[in-house]
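Visitor: If you scroll down you'll find the structure; I have some questions about it.
In the numbering used here, the protein residues as written are 54 to 663.
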């Protein structure tokens, strides 16, 4: 039975952009201008044409096939146009004068979720590398045909192509064992060449570069090589790198606010060094909300995703505010926790760690007086700080998945008194902690671990599990999986008396299921477990919260709840089928008084709770 509750739309807190790339081009009259591709997670990506004299902007949004992000784009000199690869796995084009973003077609249907890179060959064709199939595709603008070469490596997921002035086609296969693959475009033959690095052991370094002579080179721990056709040749020194692009009069450009992810102020630097600052007048449609959190001052705080902006909402006044950057990471805040009147923030990428005091003026930075103040990375392994608990042993505890291409994330802590970090890895073989809660009566942390490693890896573990951690001893006191089949522990919520609700994802025979389990950590047993069937539930999201006599959770279709001490699940609220947001993607939600706050696409919503 679905409860009869309605959601209230509070507003759109953030309208920022990501994946910003700029290109020197010409407008429909042939005058020099700049183009920028910009992604926005709450809507479609767009192309911005910037008048380099006035800063006036013209905005051209992608169509339905465009997706939110344009991770790669190039300005084609032969075609005098922009080519864009989107997160929807499509190739797009913008031709000055046509004044629209057109969709050319799917890059590699069923294999390419998004483009990793686009390279223009001397003959004018495009080579496009994709994720997750580590595949390579060629597009011929004259014929409109795609040639799909397939996988460039049997195990990797990302492929970044380049094309040399001599016609050589090569690319980087990433991220577990980064190496170069060369291709014969006529026959489709390809093979790995040169040194191989190992990301997990952090051994070696391999980079494919295009130098100022237009040729391709490998820069590596085993030396330098020139790539020519299907072969490589050792070279002592590399030529100078490709020069930065310039406008026809030799002027260059740079963003003055890229470090805070604003992209409103653009400097044009003339050859004599003088600068003109353009204040751009574009407006975004909205940035997706990733998480919500209750601050120590009773306000809602949250993070948008790609880019990460820190926002707040005051339920008393109704004021919704975008504060801007809270981290140099720029992706999203995965987790927040309160301690001694401050909010601690863990951000992706790099598991950057920041602290914000709501009682002080907002000025983000890395210096001691900054607020928020970023301390840097938690450690050199963590990358996605999935979950955070503050208080036990006077510390802030963070559960993180590792960097791209690595296995085994960390359980780390930060001591606010000493401002020191310490990390524990190898908690369960080849597993990473993805959820964390505090059993207050037992004074124990309960961590849930997933089989996953960092992005770009495939699972090596046979099962996930749980760990009980003594924060005073800083050591594990129990490990196990209760006999459950666990691909990942999506979230955990302690509910008192040694009990905790856990959202569990299971993958067996390529079939994925989700369930809500009730764990008794005093007895080390599973009290009950209920499968969240689809429909009405769908895929679960993190965001378990306890309120009064229920625990509430999120799926991509809505909100469910179960009475405390049970897993008797019922649907509490469903996302309207005719709404403008196809699914929920909130990573965490929060409750103030009797109101649950959460993100729905780029909008902040609330529902009343009994």
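For every residue, glycine included, the Cβ atom is placed at its ideal position computed from N, Cα and C.
Go to residue 321, then tell me how far its beta strand (DSSP E) extends in each direction, as first and last residue.
Guide: On the chain shown, position 268 is the one that residue 321 refers to. Start and end: 318-322.
Visitor: Would you kindly work out how many angstroms separate the C-alpha atoms of residue 230 and residue 459, rounded to a whole number?
Guide: Indexing the chain shown from 1 puts residue 230 at position 177. Indexing the chain shown from 1 puts residue 459 at position 406. Their backbone Cα atoms lie some 10 Å apart in a straight line.
Visitor: I need the DSSP call for residue 539, collapsed to helix, strand or coil.
Guide: Along the chain shown, one-based indexing puts residue 539 at 486. Of the three classes helix, strand and coil, the one that applies to residue 539 here is coil, per DSSP.
Visitor: Could you tell me the alpha carbon to alpha carbon distance between residue 181 and residue 109, rounded to whole angstroms?
Guide: Walking along the chain shown from the start, residue 181 turns up at place 128. Walking along the chain shown from the start, residue 109 turns up at place 56. C-alpha separation (whole angstroms): 32 Å.
Visitor: How far does the beta strand (DSSP E) with residue 386 in it reach, from first residue to last?
Guide: Within the chain shown, residue 386 is the residue found at index 333, counting from 1. Unbroken beta strand (DSSP E) run through residue 386: 385-392.
Visitor: Run the CB neighbour count on residue 253, radius 10 Å, all protein chains shown included, and call it buried at 16 or more, exposed below.
Guide: For the purposes of this step, residue 253 is taken as the residue at position 200 of the chain shown. The residue in question, residue 253, is buried, as its Cβ has 16 or more Cβ neighbours within 10 Å.
Visitor: For residue 222, which option in 276, 208, 210, 245 has the closest C-alpha, if you only look at C-alpha atoms?
Guide: On the chain shown, residue 222 is found 169 positions in, with the first residue counted as 1. Measuring from the Cα of residue 222, the nearest candidate turns out to be 245.
Visitor: Could you tell me which residues DSSP pairs with residue 156 in its beta bridges?
Guide: Taking the first residue of the chain shown as 1, we reach residue 156 at position 103. Note: residue 156 sits in a beta bridge opposite 145.
Visitor: Mind reading off the beta-carbon distance from residue 611 to residue 596? Whole number of angstroms is fine, and I expect it under 8 Å.
Guide: Working through the chain shown from its first residue, we reach residue 611 at position 558. Working through the chain shown from its first residue, we reach residue 596 at position 543. That belief does not hold up - the Cβ atoms of residue 611 and residue 596 are roughly 12 Å apart, past 8 Å.
Visitor: Can you have a look at residue 405 and say buried or exposed, based on whether 16 or more other CB atoms are within 10 angstroms of its CB?
Guide: Position 352 of the chain shown, counted from the first residue, corresponds to residue 405. It counts as buried.
Visitor: With a threshold of 8 Å, are at least 3 pairs of Cβ atoms found where one atom belongs to the region 504-517 and the other to the region 476-492?
Guide: yes
Visitor: Considering only their Cβ atoms, is the gap separating residue 112 from residue 336 smaller than 9 Å?
Guide: Working through the chain shown from its first residue, we reach residue 336 at position 283. Working through the chain shown from its first residue, we reach residue 112 at position 59. Contact: yes.
Visitor: Based on DSSP bridge pairs, tell me the residues matched to residue 220.
Guide: Position 167 of the chain shown, counted from the first residue, corresponds to residue 220. BP columns for residue 220 are empty, so no partner.
Visitor: Starting from residue 187, follow the beta strand (DSSP E) in both directions and report where the run begins and ends.
Guide: Locating residue 187 in the chain shown gives position 134, where the first residue counts as 1. Where residue 187 is concerned, there is no enclosing beta strand (DSSP E), given that its DSSP letter is neither H nor E.
Visitor: Is it the case that the region 631-646 contacts the region 71-85, given that we only count it when at least three CB pairs across the two stretches are under 8 Å?
Guide: As far as the Cβ criterion goes, the region 71-85 does not touch the region 631-646, which means the pair count is below three.
Visitor: In three-state DSSP terms, what is residue 296?
Guide: Along the chain shown, one-based indexing puts residue 296 at 243. Of the three classes helix, strand and coil, the one that applies to residue 296 here is coil, per DSSP.
Visitor: Please report the straight-line C-alpha distance between residue 95 and residue 339, rounded to a whole angstrom.
Guide: Position 42 of the chain shown holds residue 95. Position 286 of the chain shown holds residue 339. Using only the alpha carbons, I get a separation of about 5 Å.
Visitor: Can you check DSSP and say which residues form a bridge with residue 533?
Guide: Along the chain shown, one-based indexing puts residue 533 at 480. Answer is 519, bridged to residue 533.
Visitor: Please give me, in chain order, every unbroken run of the beta strand (DSSP E) with length at least 3 that falls completely inside the region 542-618.
Guide: Taking only runs of at least 3 residues, the beta strand (DSSP E) segments lying wholly in the region 542-618 are 552-561, 564-573, 578-584, 593-600, 603-608, 611-616.
Visitor: When the distance is taken between beta carbons, is residue 300 closer than 9 Å to residue 686?
Guide: Outside the displayed span of the chain (54 to 663) sits residue 686, for which this structure offers no information.
Visitor: Between which two residues does the beta strand (DSSP E) harbouring residue 468 extend?
Guide: Against the chain shown, residue 468 aligns to sequence position 415. Start and end: 463-468.
Visitor: Would you list, in sequence order, the uninterrupted beta strand (DSSP E) runs of no fewer than 3 residues that lie entirely inside the region 629-660?
Guide: 643-645, 648-653
Visitor: Measuring CA to CA, which of 268, 139, 249, 266 is closest to residue 259?
Guide: Mapped onto the chain shown, residue 259 falls at position 206. Of 268, 139, 249, 266, the residue nearest in Cα terms is 249.
Visitor: Under the rule that 16 or more other beta-carbon atoms within 10 Å means buried, what is residue 62, buried or exposed?
Guide: By one-based count along the chain shown, residue 62 stands at place 9. Residue 62 comes out exposed.
Visitor: Should residue 286 go down as buried or exposed, given a rule of 16 or more other Cβ atoms within 10 Å for buried?
Guide: Taking the first residue of the chain shown as 1, we reach residue 286 at position 233. The residue in question, residue 286, is exposed, as its Cβ has fewer than 16 Cβ neighbours within 10 Å.
Visitor: Less than 8 Å between the CB of residue 223 and some heavy atom of the ligand SAM, yes or no?
Guide: The ligand SAM is absent from the structure shown, which contains no ligand whatsoever.
Visitor: Using DSSP's beta-bridge definition, name the partner residues of residue 125.
Guide: Residue 125 sits at position 72 when you count from the first residue of the chain shown. Beta-bridge pairing links residue 125 to 138.
Visitor: Is the distance from the Cβ of residue 154 to the Cβ of residue 99 below 9 Å?
Guide: Start at 1 with the first residue of the chain shown, and residue 154 comes out as number 101. Start at 1 with the first residue of the chain shown, and residue 99 comes out as number 46. For residue 154 and residue 99, yes; Cβs fall inside 9 Å.
Visitor: Who are residue 358's beta bridge partners in DSSP?
Guide: Looking up residue 358 in the chain shown gives position 305. For residue 358, which the question treats as bridged, DSSP gives no partner whatsoever.
Visitor: So, at 7 Å on beta carbons, what are the nonlocal neighbours of residue 204 in its own chain, with the 5 sequence-adjacent residues on each side left out?
Guide: Counted from its first residue, the chain shown places residue 204 at position 151. The answer, listed in chain order, is 186, 187, 188.
Visitor: What's the C-alpha gap between residue 352 and residue 396?
Guide: Taking the chain shown and counting its residues from 1, one reaches residue 352 at position 299. Taking the chain shown and counting its residues from 1, one reaches residue 396 at position 343. Roughly 11 Å between the two C-alpha positions.
Visitor: CB residue 383 to CB residue 439, shorter than 9 Å?
Guide: Translated into the one-based positions of the chain shown, residue 383 becomes position 330. Translated into the one-based positions of the chain shown, residue 439 becomes position 386. It is not a contact, given that the beta carbons lie outside the stated cut-off.
Visitor: Does residue 367 come out as helix, strand or coil in the three-state DSSP assignment?
Guide: Here residue 367 corresponds to residue number 314 of the chain shown, with the count starting at 1. DSSP places residue 367 in strand when its eight states are reduced to three.
Visitor: Check the DSSP bridge columns for residue 491 and list the partner residues they point to.
Guide: The residue given as residue 491 occupies position 438 in the chain shown. Paired residue(s): 498.
Visitor: Does the region 377-394 touch the region 438-457, meaning 3 or more C-beta pairs lie closer than 8 Å?
Guide: yes
Visitor: Looking only at DSSP bridge pairs, what is residue 284 linked to?
Guide: One-based indexing of the chain shown puts residue 284 at position 231. Paired residue(s): 281.
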